[in-house]
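Q: Got a structure for you, questions after.
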Ligand code: C5P
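Numbering (the working numbering), first residue to last: -10 to 316.
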């Protein structure tokens, strides 16, 4: 949802978890054919975009103040946040440059990105930031594209980005960009933990062998749609997990810590390095999180899945909260 504020446009960019990820085949274009189940969770970065009539697209990035202070107060080691690339290296800047080129306009602007989602963590932070920035710049620049057209453009920049134009849960096929949206009856409580190391997505895929006998996504989708979190927990699956375990000893440690912390089930998300545990309710999630913090893991948060909606097929703008400013 894009909100107009006096200085520009603001969008929240949620993180995601992969409850299921099967690698079906290696493709000729270097990507892998996937079947995955993605859910958005309520840990979000914030994108604030201030448009300019012309000029560069600039990025300012900061760690959310409260978050950094809390981590310091808890005496946690640095590095849980990972490195966020600056300038043209950042996916957000590349996405807006591409939108500007495709739209044939000269507009520019400044993106202020407030990070709460750790990077290189399998949580989709960079992809979600890019989707949010595209929605903000689209409205700020007064374009009239459908959300579907924006999502199509974004798929060229990253396989996970189209998911973030909706807000709930979806099965992803192809590279992960072909989405079938799901309706989830209620929010599921989870604990998310990221060790003080990250992994590069491409490296993890390289270390992974596609399935000889693929596991299907249908049973976990069925459990999720019926709100049976215990069954979701039993049916978690991620083919990238053994590959990531070979690349860093932290994955084995995470598995041990998550299992001892007493959640219903646990798994690495995406290409790692974050893990999540499924919990019965908020109180259970708080207890699991406390145990993981005592075990000395750097970044541990509780979260809930979002029961949102797919992107709307029509209607160029989803702006709320006032007149379009600064065109
Ligand atoms: O699509 P994205 O840019 O996020 O992918 C990063 C890298 O992850 C790709 O360059 C590729 O090496 C790997 N990847 C893959 N198969 C996918 C998605 C990503 O091999 N379906």
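The C-beta atom is built at its ideal place from N, Cα and C for all residues, glycine as well.
1) Suppose contacts are defined by Cβ-Cβ distances below 8 Å. Is residue 229 in contact with residue 12 by that definition?
2) Within 10 angstroms of its Cβ, does residue 119 collect 16 or more other Cβ (buried), or is it exposed?
3) Would a C-beta distance cut-off of 8 Å place residue 23 and residue 164 closer than the cut-off?
4) Please list the terminal residues of the continuous alpha helix (DSSP H) segment that includes residue 78.
5) Quick one: what does DSSP say residue 135 is sitting in, helix, strand or coil?
6) Within the continuous alpha helix (DSSP H) that includes residue 116, where are the two ends?
7) Tell me the rounded alpha-carbon separation between residue 159 and residue 146.
8) Please report whether the beta-carbon of residue 254 lies at a distance below 8 Å from any beta-carbon of chain C.
9) Taking 7 Å as the cut-off, is the C-beta of residue 21 nearer than that to any heavy atom in the ligand C5P?
10) Tell me whether residue 254 sits in a helix, a strand or coil according to DSSP, three-state version.
11) For a quick check, are the C-beta atoms of residue 143 and residue 196 less than 8 Å apart?
12) Compare the beta carbon distance of residue 275 and residue 294 with 8 Å and say whether it is the shorter of the two.
13) Ordered along the chain, which non-local residues of its own chain (more than five positions away) have a Cβ less than 7 Å from that of residue 248?
14) Check whether the stretch 39 to 51 and the stretch 73 to 84 are in contact - that is, three or more C-beta pairs closer than 8 Å.
15) Nearest-angstrom Cα distance between residue 173 and residue 265?
16) Could you give the C-beta distance for residue 98 and residue 39, rounded to a whole number, given that I count them as a contact under 8 Å?
17) For the ligand C5P, I want to know if residue 117 counts as a neighbour, meaning its beta carbon is within less than 7 Å of at least one of the ligand's heavy atoms.
18) Sort 208, 216, 239 and 300 by Cα distance to residue 226 and report the nearest one.
19) For residue 271, which residues in the same chain have their Cβ closer than 6 Å to its Cβ, ignoring the five residues on either side in sequence?
20) Suppose contacts are defined by Cβ-Cβ distances below 8 Å. Is residue 236 in contact with residue 188 by that definition?
21) Would you list the one or two residues that DSSP bridges to residue 154?
22) Where does residue 178 sit, in a helix, a strand or coil, going by DSSP?
23) Measuring from the CB of residue 149, is there a heavy atom of the ligand C5P at a distance below 7 Å?
24) Helix, strand or coil for residue 172 per DSSP?
25) Can you tell me the Cα-Cα spacing of residue 281 and residue 135, whole angstroms?
26) Using DSSP with H/G/I as helix, E/B as strand and the rest coil, what is residue 194?
27) Label residue 300 either buried or exposed according to how many other C-beta atoms from any shown protein chain fall within 10 Å of its C-beta, with 16 as the threshold for buried.
28) Need the endpoints of the alpha helix (DSSP H) that residue 326 sits in, please.
29) Keeping to the same chain, check which residues put their C-beta closer than 7 Å to that of residue 220; ignore five residues upstream and five downstream.
30) Please report the distance separating the alpha-carbon of residue 279 from that of residue 252.
31) Would you report the Cα separation of residue 242 and residue 186, rounded to the nearest angstrom?
A: Inspection of the coordinates gives the following:
1) Yes, they are a contact pair.
2) Buried, because 16 or more other Cβ atoms sit within 10 Å of the Cβ of residue 119.
3) Yes. Within cutoff.
4) According to the DSSP assignment, residue 78 belongs to no alpha helix (DSSP H), since it is labelled neither H nor E.
5) The answer is coil: DSSP assigns residue 135 none of H, G, I, E or B.
6) Segment 114 to 129, the alpha helix (DSSP H) holding residue 116.
7) Rounded to whole angstroms, residue 159 to residue 146 spans 19 Å at the Cα level.
8) Chain labels in this structure do not include chain C; a single protein chain is all it has.
9) Indeed, a heavy atom of the ligand C5P lies less than 7 Å from the Cβ.
10) Of the three classes helix, strand and coil, the one that applies to residue 254 here is strand, per DSSP.
11) No, these two residues do not count as a Cβ contact at 8 Å.
12) No.
13) Cβ within range, chain order: 255.
14) With the rule of 3 Cβ pairs closer than 8 Å, the stretch 39 to 51 counts as touching the stretch 73 to 84.
15) As the crow flies, the alpha-carbon of residue 173 is around 19 Å from that of residue 265.
16) Taking a contact as a CB-CB distance under 8 Å, the pair residue 98 and residue 39 counts as one, their CB atoms being some 6 Å apart.
17) The beta carbon of residue 117 sits no closer than 7 Å to any heavy atom of the ligand C5P.
18) Minimum Cα-Cα distance from residue 226 among the listed residues 208, 216, 239 and 300 corresponds to 208.
19) Closer than 6 Å at the Cβ level, and outside the excluded window around residue 271, lie 178.
20) In this structure, residue 188 lies closer than 8 Å to residue 236 by Cβ.
21) Beta-bridge pairing links residue 154 to no other residue.
22) Three-state DSSP puts residue 178 in a strand.
23) Result yes, Cβ under 7 Å from the ligand C5P.
24) Coil, per DSSP.
25) Spanning the two alpha carbons is a distance of roughly 43 Å.
26) Under the three-state reduction of DSSP output, residue 194 falls in the helix class.
27) Counting Cβ neighbours within 10 Å, residue 300 comes out buried, since at least 16 surround it.
28) Outside the displayed span of the chain (-10 to 316) sits residue 326, for which this structure offers no information.
29) Answer for residue 220: 212, listed in chain order.
30) Computed Cα separation, rounded: 12 Å.
31) Residue 242 and residue 186 have their C-alpha atoms spaced approximately 12 Å apart.
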